[in-house]
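J.:
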Amino acid sequence: MSTRRLGVTTLGMALVGVVLAHLGPDETALRAALAHPQRVADTAGPDTVVLAWAAALAWVVWAWGGLGLGLTAASAIPGLLGSVARTLLRGLLPAGARRAAAVALGLGLGLGLTTPAFASAESVPVSAPDWPGAEPAEPAPDWPAPTDGDHVVVRGDCLWDIAAAHLGAAPDSPPTAAGIAEAVGAWWTANRSVIGPDPDLLLPGQVLHPPGRD
């Protein structure tokens, strides 16, 4: 984890909190507007109530983001604490937000993965059959059955979580952020034929083999 990025992100969250505290209503006005909106609307106007609710929503989003960043930083800690943080993080943030938080904290998600070269569209001519009637349904993906050690993708999975869980299964070597980042690239390379060119696009039901298996 990058200490510089952690400091910059923490400073940014603190500045956002200061701006919210400066621009929004004070605590007393906020509590009054949330507890008795009709009374406040009658005395101070409906705009005051709307502003209070907007400020409350902004504080909730700010707290949610701060908690997500904190759990993301804690997930890089080896051992039980990091494992618990990763579990809580999966329930708090969607996969895209987890990746964004990891990048913001410098956890190494920017792996510089290169997309494999494919033949251009001109080199693979495709002609559509001139058949009448409805087009046949596309067959289901022919993914192999899982074996011991394989991972079957479920909704919400991402390679970062899969690699972290696989590394965490070895108690003698708790995973680090750098190790997880390297493992993400290895998982994608080993399963490129299943995942395709986009390592962030996993489909439920895909069977991924751990790297290093013959």
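In the UniProt record's numbering, the protein residues as written are 1 to 214.
Even for Gly, the Cβ is constructed at its ideal location relative to N, Cα and C.
Say whether the segment 45–61 touches the segment 24–33, bearing in mind that this needs 3 or more beta-carbon pairs closer than 8 Å, one atom from each stretch.
T.: Yes, the segment 45–61 touches the segment 24–33.
J.: For Gly156, which of Gly65, Leu202, Gly70, Thr72 has the nearest alpha-carbon?
T.: Start at 1 with the first residue of the sequence shown, and residue 156 comes out as number 156. The residue with the shortest Cα to Cα distance from Gly156 is Leu202.
J.: Kindly indicate the opening and closing residues of the alpha helix (DSSP H) around Arg155.
T.: If you number the sequence shown from 1, residue 155 lands on position 155. Per DSSP, Arg155 belongs to no alpha helix (DSSP H) and is neither H nor E.
J.: Considering only C-alpha positions, which residue in the set Leu89, Leu81, Ala181, Trp188 is nearest to Leu208?
T.: Indexing the sequence shown from 1 puts residue 208 at position 208. Comparing Cα-Cα distances from Leu208 to each of Leu89, Leu81, Ala181, Trp188, the minimum goes to Trp188.
J.: In the DSSP assignment, find the unbroken alpha helix (DSSP H) run with Pro46 in it and report its ends.
T.: For this step, residue 46 is matched to residue 46 along the sequence shown. Here the alpha helix (DSSP H) through Pro46 covers 46–74.
J.: What's the gap between the Cα of Gly149 and the Cα of Pro211?
T.: Within the sequence shown, residue 149 is the residue found at index 149, counting from 1. Within the sequence shown, residue 211 is the residue found at index 211, counting from 1. So the two alpha carbons sit approximately 10 Å from each other.
J.: Tell me which same chain residues have a C-beta within less than 7 Å of the C-beta of Ala56, skipping the five on either side of it?
T.: Within the sequence shown, numbered from 1, the residue matching residue 56 stands at position 56. Leu30, Leu34.
J.: Out of Gln206, Gly179, Ala181, Ile180, point me to the one whose CA is closest to Arg192's CA.
T.: For the purposes of this step, residue 192 is taken as residue 192 along the sequence shown, with counting starting at 1. Selected option, being the one with the closest Cα: Gln206.
J.: Report the three-state DSSP secondary structure of Leu208 (helix, strand or coil).
T.: If you number the sequence shown from 1, residue 208 lands on position 208. Leu208: strand per DSSP, three-state reduction.
J.: May I ask you to report which of helix, strand or coil DSSP gives Asp161?
T.: The count along the sequence shown starts at 1 and reaches residue 161 at position 161. Looking at Asp161 - three-state DSSP - the assignment turns out to be helix.
J.: With DSSP run on the structure shown, which of helix, strand or coil describes Ile180?
T.: In the sequence shown, residue 180 corresponds to position 180, counting from 1. Helix.
J.: Could you tell me whether the segment 41–50 touches the segment 71–81, using the rule of 3 or more Cβ pairs below 8 Å?
T.: No: the two stretches stay apart, fewer than three of their Cβ pairs being nearer than 8 Å.
J.: According to DSSP, is Gly185 part of a helix, a strand, or is it coil?
T.: Against the sequence shown, residue 185 aligns to sequence position 185. Looking at Gly185 - three-state DSSP - the assignment turns out to be helix.
J.: Is it the case that the CB of Asp200 approaches a heavy atom of the ligand FAD more closely than 6 Å?
T.: With respect to small molecules bound, the structure shown includes none, and the ligand FAD cannot be examined in it.
J.: Which residues in the same chain have their Cβ closer than 8 Å to the Cβ of Met13, if we skip the five residues on either side of it in sequence?
T.: The residue given as residue 13 occupies position 13 in the sequence shown. Closer than 8 Å at Cβ, skipping near neighbours: Trp62, Gly65, Gly66, Leu69.
J.: Assuming contact is defined by CB atoms lying nearer than 7 Å, are Ala165 and Val184 in contact in what I supplied?
T.: Indexing the sequence shown from 1 puts residue 165 at position 165. Indexing the sequence shown from 1 puts residue 184 at position 184. Cβ atoms of Ala165 and Val184: not closer than 7 Å.
J.: Between the Cα of Pro204 and those of Leu92, Cys158, Arg90, spot the shortest distance and give me the residue it belongs to.
T.: On the sequence shown, residue 204 is found 204 positions in, with the first residue counted as 1. If we check each option's Cα against that of Pro204, Cys158 comes out closest.
J.: Helix, strand or coil, according to DSSP, for His166 in the structure here?
T.: The sequence position of residue 166 within the sequence shown is 166, counting from 1. Correct three-state label for His166: helix.
J.: Counting C-beta neighbours from all protein chains within 10 Å, is the total for Pro197 16 or more, i.e. buried, or is it exposed?
T.: Numbered from 1 along the sequence shown, position 197 holds the residue referred to as residue 197. It is exposed - the Cβ of Pro197 has fewer than 16 other Cβ atoms within 10 Å.
J.: Please classify Pro199: is it buried, with 16 or more other beta-carbons within 10 angstroms of its beta-carbon, or exposed?
T.: As a working note, residue 199 is residue 199 in the sequence shown. By the neighbour-count rule (16 or more Cβ atoms within 10 Å), Pro199 is buried.
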